[in-house]
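**Q** My numbering applies: residue 15 is where the sequence shown begins, and numbers increase by one. Even glycine gets a Cβ: it sits at the ideal position worked out from N, Cα and C.
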Amino acid sequence: MYALDEHEWVVLGQLHDVLKILKDATLFFSHGTPNLMMVIPAMDYIDEVFMTGMLDEEQFDPSICAAIRLTKKTLNKYYSPMDTSDLYCIAMGTSTAFNAMILTNYFGSPSLPQAGVF
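#1: Would the stretch 52-69 and the stretch 18-27 be scored as touching if the rule is three or more Cβ pairs under 8 Å?
#2: What is the rounded straight-line gap between the Cα of Ser-99 and the Cα of Met-15?
#3: Would you check if the distance between the CB atom of Ile-82 and the CB atom of Val-24 is smaller than 8 Å?
#4: Taking Cβ positions, are Leu-50 and Leu-101 nearer each other than 8 Å?
#5: State buried or exposed for Gln-28, treating a residue as buried only when at least 16 other CB atoms are found within 10 Å of its CB.
#6: State the DSSP-derived secondary structure class of Asp-61, mapped to helix, strand or coil.
#7: Any idea if Met-65 is buried or exposed, counting beta-carbon neighbours within 10 angstroms, 16 or more meaning buried?
#8: Could you give the residue range of the alpha helix (DSSP H) that holds Asn-90?
#9: With respect to the alpha helix (DSSP H) encompassing Thr-40, which residues constitute its N-terminal and C-terminal limits?
#10: Please report the straight-line C-alpha distance between Leu-84 and Pro-48, rounded to a whole angstrom.
Structure representation (structure tokens):
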């Protein structure tokens, strides 16, 4: 019979914390039909949590940090193409072409109107 030592219990607890973030995201995406406006902030949150705290080898075991780096690499494989996607830019309000089209359709010009127009 094998029993976990104290260090292994600590690593297991850290692993639980990491997996909980991914489980919560999976459950969030599984309820209903997520759209870009829901997915992007959730992915940004996961990215932020993984980058800010969970790569700190003083706080987490090196094996947990290595697993997070691999997880982050996998997430980036699927997430990074969104940065160049027209739909992503439109959903995030960063599409200059789309914004210019909206302004042109609304104001007749691709630039913002003078103050006091509203």
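**A** A quick look at the data gives this:
#1: no
#2: Start at 1 with the first residue of the sequence shown, and residue 99 comes out as number 85. Start at 1 with the first residue of the sequence shown, and residue 15 comes out as number 1. Distance between the alpha carbons of Ser-99 and Met-15 is about 53 Å.
#3: The count along the sequence shown starts at 1 and reaches residue 82 at position 68. The count along the sequence shown starts at 1 and reaches residue 24 at position 10. Their beta carbons are not under 8 Å apart, which means Ile-82 does not touch Val-24 by this criterion.
#4: The residue you call residue 50 lines up with position 36 of the sequence shown. The residue you call residue 101 lines up with position 87 of the sequence shown. Yes.
#5: Your numbering for residue 28 matches position 14 in the sequence shown. Gln-28 comes out buried.
#6: Here residue 61 refers to the residue found at position 47 of the sequence shown. If DSSP states are grouped into helix, strand and coil, Asp-61 belongs with the helices.
#7: The residue given as residue 65 occupies position 51 in the sequence shown. Burial call: exposed.
#8: Taking the sequence shown and counting its residues from 1, one reaches residue 90 at position 76. 76-93 is the span of the alpha helix (DSSP H), which, as asked, contains Asn-90.
#9: Along the sequence shown, one-based indexing puts residue 40 at 26. Run containing Thr-40: 20-44, per the alpha helix (DSSP H) assignment.
#10: Numbered from 1 along the sequence shown, position 70 holds the residue referred to as residue 84. Numbered from 1 along the sequence shown, position 34 holds the residue referred to as residue 48. Rounded to the nearest angstrom, the two C-alpha atoms are 25 Å apart.
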